[in-house]
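Visitor: Submitted below is the structure of interest, expressed as structure tokens.
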Amino acid sequence: MDAVRVALLREVLARTQWPAAARRFAGALRSSVVPHGGGLLLVGTEEYEPWHLAAHLVDESTWSGLPELRPTLVRHRVEPGDPAHLAVGLGRIEAAGRGETLLVVTPDRPGEGLLERVHDARRAGATVLSLDNGDPQVRGLAHEALSVTDGDDVDLDTVQHLVSAAAGENGAPVPRGGRRTFR
């Protein structure tokens, strides 16, 4: 979603909590990855992999000059022959610890195996953030959560757009090469 569409979306949702909530959540995301130089792990459920959010965070990291926002997509099923950037399995969550951030995106309740891994990562010092459906177990594991329930006026996909756009805001300008400046 380009900047114009995000601006229109924010305008439509201006009288709701969502733009401000997304900015707060994005601020928590930024503050958990930037000081550590990255370490953002992004995982969904067995049925839902957050490809779309991963792609938007990659774009925002490039546009904002914040490479720390570039996530590693952690997948439940890795097939032999998958390219390296798609070959990161759940074992990566088991290895997560201090200085790393785990962003869990769950439109439905995740399986016990994922919850257990996330709990272990948190105990090992990883920061856990969640975009979820309000599940109390997921929220209980998260240091910061943003929940989208069935009764809300937006869906999880819309909130992911708001969060990814807000995550790239106020970043350092991307350095330009080629010209020297005078002092």
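Quick note on numbering: the sequence shown equals residues 39 to 221 in the numbering used here. Note that CB positions come from ideal geometry on N, CA and C, so glycine has one too.
Here's a check: name, in chain order, each residue in its chain whose Cβ is nearer than 8 Å to the Cβ of GLU85, leaving out the five neighbours to either side.
Guide: Hits under 8 Å: ASP146.
Visitor: Applying the criterion that 16 or more other CB atoms from any shown protein chain within 10 Å of the CB defines a buried residue, is ASP191 buried or exposed?
Guide: ASP191 comes out exposed.
Visitor: Among GLY206, GLU207, GLY163 and SER185, which residue has its Cα nearest to the Cα of ALA59?
Guide: When each option's Cα is compared against that of ALA59, the closest is SER185.
Visitor: Give the DSSP-derived three-state secondary structure of THR100 in the structure shown.
Guide: If DSSP states are grouped into helix, strand and coil, THR100 belongs with the helices.
Visitor: Residues bridged to THR165 by DSSP?
Guide: Its beta-bridge partners are THR139.
Visitor: May I ask which residues mark the beginning and end of the beta strand (DSSP E) holding THR110?
Guide: Here the beta strand (DSSP E) through THR110 covers 110-112.
Visitor: Quick one: grab the DSSP three-state call for LEU51.
Guide: Looking at LEU51 - three-state DSSP - the assignment turns out to be coil, as it is neither helix nor strand.
Visitor: Under DSSP, the beta strand (DSSP E) around LEU179 begins and ends at which residues?
Guide: Unbroken run through LEU179 is the alpha helix (DSSP H), 174-179; no beta strand (DSSP E).
Visitor: Mapping the DSSP letters down to three states, classify ASP191 as helix, strand or coil.
Guide: ASP191 falls in the coil class under three-state DSSP.
Visitor: For ALA159, which option in SER99, ALA134 and LEU152 has the closest C-alpha, if you only look at C-alpha atoms?
Guide: Of the listed residues, the one whose Cα sits closest to ALA159 is ALA134.
Visitor: When DSSP labels each residue in this structure, what does THR196 get in the three-state scheme?
Guide: DSSP places THR196 in helix when its eight states are reduced to three.
Visitor: Count Cβ pairs between the segment 172-183 and the segment 107-125 that sit closer than 8 Å; are there 3 or more?
Guide: Judged by Cβ distances under 8 Å, the segment 172-183 makes no contact with the segment 107-125, as fewer than three pairs qualify.
Visitor: Would you call the segment 69-80 and the segment 129-143 touching, i.e. three or more CB-CB distances under 8 Å?
Guide: As far as the Cβ criterion goes, the segment 69-80 touches the segment 129-143, which means the pair count is three or higher.
Visitor: Using only the alpha-carbon positions, how far apart do ALA66 and GLU117 sit?
Guide: Each residue's alpha carbon lies about 33 Å from the other.
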